[in-house]
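Chemist: I'd like to ask you about the structure that follows.
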Amino acid sequence: MEHLKFEQTNQTGLLTINREQALNALNHDLLLELEDFLQNTLPQQDTRVLIITGAGAKAFIAGADIKQMQKLNHFEMLKFCDLGQKISILLESIDVVTIAAVNGYALGGGLEIALACDFIYASENAKLGLPEVSLGLIPGFGGTQRLLRAVGTRRAKELVMTGNQINAVEALNIGLVNKVMPLNELMDNCYKTANRIHKNAFSAVTQAKRSINNGSALSIRDALELEKQCCAVCFASVDRLEGMTAFIEKRAAQFA
Ligand code: DAK
Numbered sequence: 115m116e117h118l119k120f121e122q123t124n125q126t127g128l129l130t131i132n133r134e135q136a137l138n139a140l141n142h143d144l145l146l147e148l149e150d151f152l153q154n155t156l157p158q159q160d161t162r163v164l165i166i167t168g169a170g171a172k173a174f175i176a177g178a179d180i181k182q183m184q185k186l187n188h189f190e191m192l193k194f195c196d197l198g199q200k201i202s203i204l205l206e207s208i209d210v211v212t213i214a215a216v217n218g219y220a221l222g223g224g225l226e227i228a229l230a231c232d233f234i235y236a237s238e239n240a241k242l243g244l245p246e247v248s249l250g251l252i253p254g255f256g257g258t259q260r261l262l263r264a265v266g267t268r269r270a271k272e273l274v275m276t277g278n279q280i281n282a283v284e285a286l287n288i289g290l291v292n293k294v295m296p297l298n299e300l301m302d303n304c305y306k307t308a309n310r311i312h313k314n315a316f317s318a319v320t321q322a323k324r325s326i327n328n329g330s331a332l333s334i335r336d337a338l339e340l341e342k343q344c345c346a347v348c349f350a351s352v353d354r355l356e357g358m359t360a361f362i363e364k365r366a367a368q369f370a
């Protein structure tokens, strides 16, 4: 992979967007690599938590590649948009738990990738925003929709319509990120969370992700029905039996 770097320790994968000279901006080749990684490479690894970060200390991802986009015609732009949206849907729907480790600028398509992850941890130097309107565009990788679901309609409109960049603490205050920490503690915090997740039944973690993701667009009645079904899947699992038996036997559970 030319623009991505992947390494793994103990079921935690670290994927680095590796185009530091362009602040990890997403060009077409990079997006194709990312699609192939999520679709073909990742399912073959024994990965349960995937941390995604940007190379260098300045940017997570500074957006889609403006220099490349400027030359696209209408149809190429639609294909580019399809690819970005497909990647965000893949990130959202894989069983693997995804953590965006935002280590600097997360702008435009960069914030949209982060929004498709399960958690966002941000370093104190992070700057987040959707500046597309300043380029005569609107977000096209799911940003208008996922931002409004994350922070509510009014805040989403304000961020999208002004194109303002906000800092990590402001992002924390509006619920856009989960945690803020010094840059040199960012990866440690991500690994700590990954290790905490590894202690739980992964089958239950994946059902929880499905219930929350797929339930958010349903009516409360339908969402509760979905939750019941996800819970029933857990109940039929060996992990459920092990978890409850371990509690009764006063020992640590050994999950699959
Ligand atoms: N694209 C291409 N190159 C970029 C880039 C980007 N998004 N961001 C930075 N770079 C490049 C710079 O051009 C520069 O390259 P050289 O000039 O050295 O060759 C290098 O990275 C270092 O950047 P700077 O010199 O600008 O660094 P500074 O510290 O001065 O500034 C910055 C950092 C992040 C504030 C600044 O680089 C910046 O404003 N970057 C652009 C941020 C931005 O506007 N991002 C949003 C991109 S638009 C859609 C599909 C997709 C999208 C929308 C619609 N549809 C199909 C409808 C998505 C849109 C976007 O993401």
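Start counting the sequence shown at 115; every next residue gets the next number (this note's numbering).
Beta carbons: idealized from backbone N, C-alpha and C, even for Gly.
1) When the Cα atoms are used, what is the spatial distance from I311 to V319?
2) Give me the Cβ distance between L128 and E134, rounded to the nearest whole Å; I'm assuming they're in contact under 8 Å.
3) From T167, I362 and F194, pick the residue whose C-alpha is nearest to that of G254; which is it?
4) Consult DSSP for A264 and reduce its assignment to one of helix, strand or coil.
5) Can you tell me whether E116 is buried or exposed, with buried defined as 16 or more other CB within 10 angstroms of its CB?
6) Confirm the yes/no value for this check: CB of I180, any heavy atom of the ligand DAK, distance under 7 Å.
7) Throw me the rounded Cβ distance for the E149 and N327 pair, which I believe falls under 8 Å.
8) On the criterion of 16 or more Cβ atoms from any shown chain inside 10 Å, does M191 qualify as buried, or is it exposed?
9) So is P296 buried or exposed if we call it buried at 16+ other beta carbons inside 10 Å?
10) Hey, would you say the C-beta of E149 is under 7 Å away from at least one heavy atom of the ligand DAK?
11) Assign E116 to one of three DSSP states: helix, strand, or coil.
12) So, at 8 Å on beta carbons, what are the nonlocal neighbours of I201 in its own chain, with the 5 sequence-adjacent residues on each side left out?
13) Counting C-beta neighbours from all protein chains within 10 Å, is the total for L355 16 or more, i.e. buried, or is it exposed?
14) Does the distance from the CB of I288 to the CB of A215 come in under 8 Å?
15) Which residue from E284, T258 and N281 puts its Cα closest to that of V274?
Modeler: By the coordinates alone:
1) Approximately 8 Å between the Cα atoms of the pair.
2) Wrong, their Cβ atoms sit about 16 Å apart, outside the cutoff.
3) That would be F194, whose Cα lies nearest to the Cα of G254.
4) The three-state reading of DSSP puts A264 in helix, counting H, G and I together.
5) Exposed, because fewer than 16 other Cβ atoms sit within 10 Å of the Cβ of E116.
6) The answer is yes for I180.
7) Not quite, the Cβ-Cβ distance comes to about 19 Å (not below 8 Å), so this is no contact.
8) In this structure M191 is exposed. Its beta-carbon is surrounded by fewer than 16 other beta-carbon atoms within 10 angstroms.
9) P296 should be labelled exposed.
10) For E149, the distance from the CB to the nearest heavy atom of the ligand DAK is not below 7 Å.
11) In this structure, E116 counts as coil in the three-state DSSP scheme.
12) Excluding residues within five positions, the ones whose Cβ falls inside 8 Å are L145, L148, E149, L152, I227, A230 and F255.
13) That one is exposed.
14) The answer is no: Cβ separation not under 8 Å.
15) Cα-wise, what sits closest to V274 is T258.
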